[in-house]
Every structure is written in C-alpha cells, then in structure tokens.
Amino acid sequence: MEALTPAAPIIHIAGLGLAFEQDGRRTQVLQGLDLDVQAGEFVAIVGASGVGKSTLLRVLMDLAAPTSGDVRIAPDPAAERPMAMVFQDARLLPWRRVLANVAFGLEKTSLAKAERLARARDALKLVGLADMAERWPHQLSGGQRQRVALARALAVRPSILLMDEPFSALDVQTRENLQDELVRIRQETGKTILFVTHDIDEAVYMADRVIALAGKPGVVRAARQIDVPRPRRRGSIRLAEIAQEVKTDITAEASDRGPDFVI
Amino acid sequence: MLIVRAPSRTPGNSLQVRPTLYAAIGLALFLLLWESVPRLGLVQSSLLPPPSDLPEAFLREFRSGQWSHYVGLSLNHYVLGFLVGSGLGTLMGVLTGMSKSLEWLLAWVVRLLRPIPNLAWAPFAIIWFGVDEANAVFIISIGVFWIAFFAAHGAIRSVDRDLVEVADAFGFRSGPERLLKVLLPAATPGILVGVRTALGQAWMAVVAAELSGVSGLGSRMMQASSLLATDIVVVYMLTMAALYGIMDAGFMYAQGKLLKWKP
Chain H
1 MEALTPAAPI IHIAGLGLAF EQDGRRTQVL QGLDLDVQAG EFVAIVGASG
51 VGKSTLLRVL MDLAAPTSGD VRIAPDPAAE RPMAMVFQDA RLLPWRRVLA
101 NVAFGLEKTS LAKAERLARA RDALKLVGLA DMAERWPHQL SGGQRQRVAL
151 ARALAVRPSI LLMDEPFSAL DVQTRENLQD ELVRIRQETG KTILFVTHDI
201 DEAVYMADRV IALAGKPGVV RAARQIDVPR PRRRGSIRLA EIAQEVKTDI
251 TAEASDRGPD FVI
Chain W
1 MLIVRAPSRT PGNSLQVRPT LYAAIGLALF LLLWESVPRL GLVQSSLLPP
51 PSDLPEAFLR EFRSGQWSHY VGLSLNHYVL GFLVGSGLGT LMGVLTGMSK
101 SLEWLLAWVV RLLRPIPNLA WAPFAIIWFG VDEANAVFII SIGVFWIAFF
151 AAHGAIRSVD RDLVEVADAF GFRSGPERLL KVLLPAATPG ILVGVRTALG
201 QAWMAVVAAE LSGVSGLGSR MMQASSLLAT DIVVVYMLTM AALYGIMDAG
251 FMYAQGKLLK WKP
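Residue numbers (the working numbering), protein chains in the order written: chain H, 1 to 263; chain W, 1 to 263.
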C-alpha cells in the first residue's frame, strides 16, 4: 500500500482480479474491477450471490490475495487501524464475555488492560449495549450479537468499516433498527463504510452511493449516487425509484446472456 | 373435540431426588447380591470375599501402615505418568492439529507406534529405567499419551474456521497469536474430553505398570492374591475406585469452572 495525495480517494482499486483453482478448475471471481471510495463516504455494494461482493471485502481486509490489479488504502492519521470488519454472522468468541469480545482487537495494541476495557465500554455504549457487558454471547439475541460485532470493529478505531451482509440474518424489525443505528453511528464517527448487501432497499436507504456488481467474473456494472437528503424516509417514492433502477443495473446483463441456472 | 393439557402431578424437584434415590437403590442391590453369594455358600468366601469382611481387612491393612505406603507410591506414579503422558500428548496433538506438514511428517510414525500396547514396552522399561519409579511413570504415560494426542488433534482441527478468520481480521496472524487467541480456547472442551478419559486410563495403567515389580498397590495386590488374601485385593480395588471417583468429581468441578461460558 502506497501513500496517496490528500485529494485522492481513501480506497483506490484498479483492475482488481481474483481467481482460485479447485480440482484443477480455475474460477475467476472478480476481473478488471475499478472502484474509488472517498473518505467519509458510505458505499453500498449490491449484486447477486456469487458475484464476488464478499470476496472484494476479503481482499481489502487482506483475508484473500488478489491475482491481479492494484489496491491502495490511503493512510488516515486520525485512525489507529486502516480498517475493521463486521461479518454476516456475528462470529463472537463464545468463551469471552461481551466486554472481552469487544476488547478483542485492542489486544493487538500496546494499550493497558484498563484502557482497553474502558474503550470497549465506550464502543458498547455507542451501539446501545452498555448494560450487556458481562453477558455471554449465547445469552444475546441475533441483533444484539451483531451490535457487539459492530462494537468490536469500532473499538479498534478504524478509518474504514467493512461490513459483509451484516444484517441479512436478522428479522425485519431488528434489521431496520440496526440500519438506523448504523446511519446514526456513521454520522457521529464519520467513518468510511463499505457495506455489502443483497438487499437493494437497504443499500439505497443507507448509502451515499450504490455500486452494482454483476457478471461472472464480477465487474462494476453501475454506480449510482443517492441524492436523497437525510434523514431519509423509509419507503419514500424517490428511494423506491432508485431501488428499481439499481435492480435493473444488476439484472440487465443477466438477461442478455440468459440465466446461468434456473431455480 | 376438546383437547386438555393437564398440569403435571409430579413437582419439578422430584427429577433431582429420583436419580440419587435410584443410584442408592442400585448400589444397595449390588452389595446385597455380592454379600449373599459367599454367605449362601454358592462360592467360597476366599474366592469372593463378602463386602462385610472388607472394613476389617481395610483396618488391618491401614493400621500396619501398608495401605498408606503403597497408595502413596502409586499416587506418585499416577500423577507423574498422567502429567507427562497427557501433557506431551496434548502438546503433540495441538502441534499436529495446527501444522499440516507436521501431521504428514508424523502420519506413519503414529500408525507405527499407536497400536503397541503400553505393557509391550515393559521389557524396554526395565532395561532403560530398571525396576524403579521412572519405569512405572514411562508405562503409564504411554498409556495416556495417545488418548490426549488424538483428542487434542481432533479438537484443534475442528475449530470453526470462521473464528480463526476473525483473529486474522484483527491482526492476530502468527501461529502463537492464533493459538492463544482462538485455537486453544475454542479447542479446550475437546482437549478436556481426552484429559478426562486419560484420568481413568491412567489408573488402569498404574496396576499394569506395577505388576512388573515396581512397588505400589498393583504389586501389593499381586502379593496378596498369591497368599489368597482376596479381601486385601478387593480393598485395593475399591481404593482405586474411590480415588478415581474423587479425581473425576474434582475434574468435573474444575471443568465446569473453566467452561462456564458453555450454554
């Protein structure tokens, strides 16, 4: 990762490609993917399953190595880590209480234990679970677990939050609550957020910009700025129109080629 | 048709009393049967000493100081053999669980050594260590090594890969970091299953090891049986049962403390 000039985007991806080989067969997941993200931007990435949305986040988090292309992350002096990730399932460590789970990433730092726990408490407060600090993960609901996972990511003070379908396993009511919470937290902290989802309404409701991935291998099919002032009204006609356009972006190419499979 | 769900007539706490009651009845019946077989003259009491003879035999053995002497020796063998065998077994199991290349390297060494019964090592134990404490410790530790090895290996290998990825995402990427932050805590329940099995297996190995002449309750039992003092043999059998029972209960208590995060 090289330093970029201040005016440059915080994330610069050019010509990213990723392939993996299994049983002698090569599968190209991503190819020639270009994407720039500005500091403080909330970008949602949508697309059908298998299009490489999660793979893109995994490359950014250095959990998967790209086979081609260039990924640059601009350093952010105000943040302690370039990025932190929230997964689809909360992935809390069951042998740690909630507070210790939130403090997990901080154990990589040189902070004293008291300082780590104080920070973890602050992060828990931010997600509204201050009174759950001493619970075990199995005592929490799905929504609470995902809040703890978000707190764990926020606690390390990252410049960028990578979120991989974090609300997809939750019921509608909980999901909408968490969407509003995330929008609030983003306004309070000014984090850059990359949010992968297959829920187009969710993407359009929260994000500043929606990137549609499509094809096999996946490439950026379209990018749409969501010029709807905040606070946004869930289910407004304008948002529904944009959602319809995004839906068209995703499905346009698939209909050209015919479906890969029929359910 | 009217469906009625009648309330249960038995109160909830009867479920806690009944197992204990049944266990007591079962034990009493067993002792009664045991007592009646020699008393009714079905078997000579020197071939099967009735339980009512045992307190007196125990007191005789205890007052002469023999009981404490031999139990002390055996406990020493037991503790050392158990610690060495399960300690090394767990260590090797964890290492081969973490490193594929080490597992491949040792695959045929394991297949070669695994089926050899620990008593088959007795001739070598005598040549290497003499008829000495180290001899017994060696044989006992072989007896428990494999149990701990396979339990630890399996436990490490079945740790949820998603949790390892969480450690990666938060920067814990070296072997020791992964081990301490995720692998070991996640594998602890599985490792303890092996340790608990080893706790019982080590007692069997104690008797076997002491049959070859190393002084302890095994050698004392052989001595007593050659004099047809079968009541003394049974006293030591019950002594072992009691010691194992206490240790297993203590182990379960400690395990409950250690795994209190388990639902």
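All C-beta atoms, glycine included, are put in the ideal place defined by N, C-alpha and C.
Beta-ladder partner(s) of P30 (chain H), from DSSP: The question names Pro, but residue 30 (chain H) in the sequence shown is Leu. Bridge partners of L30 (chain H): H:L18 and H:G218.
Length at least 4, wholly inside the stretch 129–205 of chain W: the alpha helix (DSSP H) runs in chain order: 133–157, 161–169 and 175–178
Length at least 4, wholly inside the stretch 23–94 of chain W: the alpha helix (DSSP H) runs in chain order: 54–63
C-alpha distance - L243 (chain W) paired with P55 (chain W), whole-angstrom precision: 17 Å
Proximal residues of chain H, C-beta to C-beta of V283 (chain W) below 7 Å: Residue 283 (chain W) lies beyond the stretch modelled for chain W, which goes from 1 to 263, so this question has no answer here.
Environment of M1 (chain H) [buried if 16+ CB atoms lie within 10 Å]: Bear in mind that a pLDDT of 46 at M1 (chain H), under 50, signals an unreliable position, so the number given afterwards is only what the model happens to contain. Result: exposed.
Host alpha helix (DSSP H) of G142 (chain H) (start-end): G142 to A155
Cβ-based neighbour list, V196 (chain H), same chain, cut-off 7 Å, excluding 5 preceding and 5 following: I45, K53, S54, L57, M163, D164 and E165
Three-state class that DSSP yields for H12 (chain H) in the structure shown: strand
Within-8 Å CB hit, H198 (chain H) to chain W: no
Extent of the continuous alpha helix (DSSP H) run through D231 (chain W): T230 to L258
Neighbourhood of D249 (chain H) by C-beta, 8 Å cutoff - its chain only, sequence neighbours within 5 removed: A212, A214, R221, A222 and R224
Integer-rounded CB distance, given that A207 (chain H) should sit under 8 Å from F20 (chain H): Wrong, their Cβ atoms sit about 29 Å apart, outside the cutoff.
Under the three-state DSSP convention, the category G105 (chain H) falls into: helix
Backbone secondary structure at G264 (chain H) - three-state DSSP: Residue 264 (chain H) is absent from the model: chain H starts at 1 and stops at 263.
For A169 (chain H) and Q88 (chain H), believed in contact at Cβ under 8 Å, the rounded distance: 7 Å
CB of A155 (chain H) within 8 Å of CB of A120 (chain H), strictly: yes
Proximity test, Cβ basis, 8 Å: K113 (chain H) and chain W: no
DSSP state of S225 (chain W) mapped onto helix, strand, coil: helix
Any C-beta of chain W under 8 Å from that of H12 (chain H): no
Chain-ordered residues of the stretch 140–168 of chain W with a beta carbon less than 7 Å from chain H: D162, L163, E165, V166 and D168
Status (buried if at least 16 other CB within 10 Å, exposed otherwise) for I11 (chain H): buried
F42 (chain H) in three-state terms, based on DSSP: strand
At least 3 beta-carbon pairs within less than 8 Å: the stretch 93–107 of chain W vs the stretch 142–151 of chain W: yes
Classification of Q244 (chain H) by the beta-carbon crowding that lies within 10 angstroms, buried from 16 upward: exposed
Identified DSSP bridge partners for V109 (chain W): Answer is none; V109 (chain W) lacks a bridge partner.
Nearest-angstrom Cα separation, counted from D34 (chain H) out to L106 (chain H): 32 Å
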